[in-house]
Structure formats: C-alpha cells, structure tokens
Amino acid sequence: QNPWNIYWSDNPSKPFETWNLIPSNGRPLDRIAIPEMEPGAKYHMVIEQPSAGIKTPVFDIMTPKPASDIRVGTDINGETVLDFKPAFATEPIKKYIIKYWPDGNPSAVMYMETPVNITDKIVLDGLQPEIDYNFMVTAKFDDGDNLASESTKIRTPSKGVSLFFFLKCFSYVRSSKNVKRFKFNGCRN
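So in the UniProt record's numbering, the last one in the sequence shown is 189, and the numbering has no gaps at all.
Spelled out as structure tokens, the structure:
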C-alpha cells in the first residue's frame with residue numbers, strides 16, 4: 001500500500017500548512033472517520049499520495065448528519081405521533097427505522113419503518129400515556145450502511161381531552177363582554 005495524507009479545513013482561505021492532517025498510518029484509503037468534523041457541515045479537503053507525487057485539487061464535502069429534533073405529540077384523533085428532521089447524507093436514504101422503548105427497560109424495544117419521504121405525523125402504536133420513552137431514528141442506505149440519531153428521552157402526552165373531541169362537542173359562544181366562551185352541544189358524529 002502507498003501511504004497517503006488527508007488535509008482538511010472548514011476555511012479554505014487558511015494557509016495550507018495550518019490545515020488538519022490525517023496520515024494513512026498503514027490504513028487503506030477507504031472510510032476514514034474524522035470525529036472532529038461537525039455533522040452536516042461543509043469542509044474542504046485535499047488528498048495526496050506523496051510517494052507517487054499525486055495531490056488532488058481542493059474539493060468540498062458535506063459531512064452526514066443523522067435525523068434530529070425528534071418530537072412526540074398527539075394528533076387531532078388522539079393518536080400518538082412522531083416527527084423528526086430528516087437525516088442528511090450524500091448517498092440516497094432508503095428508509096428510516098424508528099426504535100423506541102420505555103426508559104429503563106431496553107428489553108421492551110419496539111420498531112417501526114417509515115418511507116424516506118415521511119418524517120412527520122408518524123402514528124406510533126403501543127405507547128402508554130405519561131411515560132418516559134427513548135426514541136432513536138436510523139437512516140438506512142441501499143448499501144446496508146446506517147446513520148443513527150442520538151437516543152432522545154421524551155415523555156408521552158397524557159390521554160386528556162383531544163382537540164378533536166373538543167371541536168366535536170363544543171361550540172363557540174360570544175358573551176356580551178366580548179369574552180370567549182364555549183357551550184357544550186352534546187357530541188355530534
């Protein structure tokens with residue numbers, strides 16, 4: 001194997017001598033993890049093979065970013081739903097796997113798949129109200145690779161009166177003092 005070096009920076013106008021260096025140390029130039037890089041950020045890179053006199057021009061890369069901003073709520077039908085911001089990656093995402101379990105009980109894991117284009121209003125079954133759950137969203141790629149989010153602990157909503165029930169059973173009444181009031185109508189179907 002021929003030794004190689006990777007130089008990278010978040011600022012291409014910095015002098016090249018100050019860029020970060022990753023030597024090959026006998027590794028193949030395949031997948032190189034660079035923990036110092038921020039997820040979802042743009043970096044500038046040069047790869048060289050000094051023994052062969054080869055050096056690439058500066059090229060830009062975007063680091064992958066897992067799904068984020070995982071939220072759980074209740075929709076107008078009283079169902080528990082999950083939303084998240086999609087993952088970012090240069091290769092196409094095939095689907096998402098949602099993994100969730102009661103906090104403190106990792107043996108009770110539940111899984112759900114969702115297509116790549118559906119990242120909101122995902123109905124989750126099997127959740128109890130007012131319980132802490134851990135949620136993790138993993139992007140699955142065609143080549144079998146995964147990009148998992150951090151685990152997020154969220155308390156599920158209570159089973160209180162849903163907006164759907166409220167709209168079905170009450171009507172708006174305006175009082176003489178311009179105060180908003182609602183009147184029970186009986187529930188309409």
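Positions of the beta carbon are idealized from the N, C-alpha and C atoms, including for glycine.
Quick caveat, the model's predicted, so the values are computed rather than measured.
Where alanine 87 falls, given that 16 or more other Cβ within 10 Å makes a residue buried: Buried.
Range of the contiguous beta strand (DSSP E) that encloses phenylalanine 37: Per the sequence presented here, residue 37 reads as methionine, with phenylalanine not at that position. For methionine 37, no beta strand (DSSP E) segment is defined, and its DSSP state is neither H nor E.
Touching by the beta-carbon criterion (3+ pairs, under 8 Å), the region 102-110 and the region 62-70: By the criterion of at least three beta-carbon pairs nearer than 8 Å, the region 102-110 is not in contact with the region 62-70.
Sub-8 Å separation of isoleucine 98 and threonine 74 beta-carbons: One thing to note: isoleucine 98 has its Cβ no nearer than 8 Å to the Cβ of threonine 74.
CA nearest to the CA of proline 23, picked from Pro35, Arg31, Thr138, Trp4: For proline 23, the closest of Pro35, Arg31, Thr138, Trp4 by C-alpha to C-alpha distance is Trp4.
Contacts around asparagine 2, its chain only, beta-carbon distance under 7 Å, and the 5 residues preceding and following it disregarded: Here the set comprises Gln49, Ser51, Ala52.
Short Cβ contact (8 Å threshold) for lysine 85 with serine 68: In this structure, serine 68 lies closer than 8 Å to lysine 85 by Cβ.
For glycine 144, the nearest candidate out of Thr56, Ile131, Asp83, Pro92 (CA to CA): Selection Thr56, Ile131, Asp83, Pro92 evaluated against glycine 144 yields Pro92 as nearest (Cα-Cα).
Per-residue DSSP class, three states only, for serine 24: Correct three-state label for serine 24: coil.
Alpha-carbon spacing of tyrosine 7 relative to arginine 27, whole angstroms: The straight-line gap from Cα to Cα measures roughly 16 Å.
Continuous alpha helix (DSSP H) assignments of at least 4 residues falling wholly in the region 62-120: The region 62-120 contains no whole alpha helix (DSSP H) run of 4 or more residues.
For glutamine 128, the first and last residue of its enclosing beta strand (DSSP E): First-last for glutamine 128: undefined, no H or E at that position.
Outcome for threonine 18 when other beta-carbon atoms lying within 10 angstroms are tallied against a minimum of 16: Label assigned to threonine 18: exposed.
Contact check, leucine 21 vs threonine 80, beta carbons under 8 Å: In terms of Cβ geometry, leucine 21 and threonine 80 do not form a close pair [threshold 8 Å].
Reduced DSSP secondary structure (H/G/I, E/B, other) of serine 158: Three-state result, serine 158: coil.
Cβ-Cβ distance between tyrosine 96 and leucine 124 below 8 Å: In this structure, the beta-carbon distance from tyrosine 96 to leucine 124 does not fall below 8 Å.
Residue of Glu130, Pro39, Ala89, Val137 minimising C-alpha distance to methionine 112: The candidate whose alpha carbon is nearest that of methionine 112 is Val137.
Residue range of the beta strand (DSSP E) that includes serine 13: Taken as a continuous stretch (DSSP letters only), serine 13 belongs to no beta strand (DSSP E), as it is neither H nor E.
Residue burial classification, valine 72 (beta-carbon count within 10 angstroms, cutoff 16): By the 10 Å Cβ count, valine 72 comes out buried.
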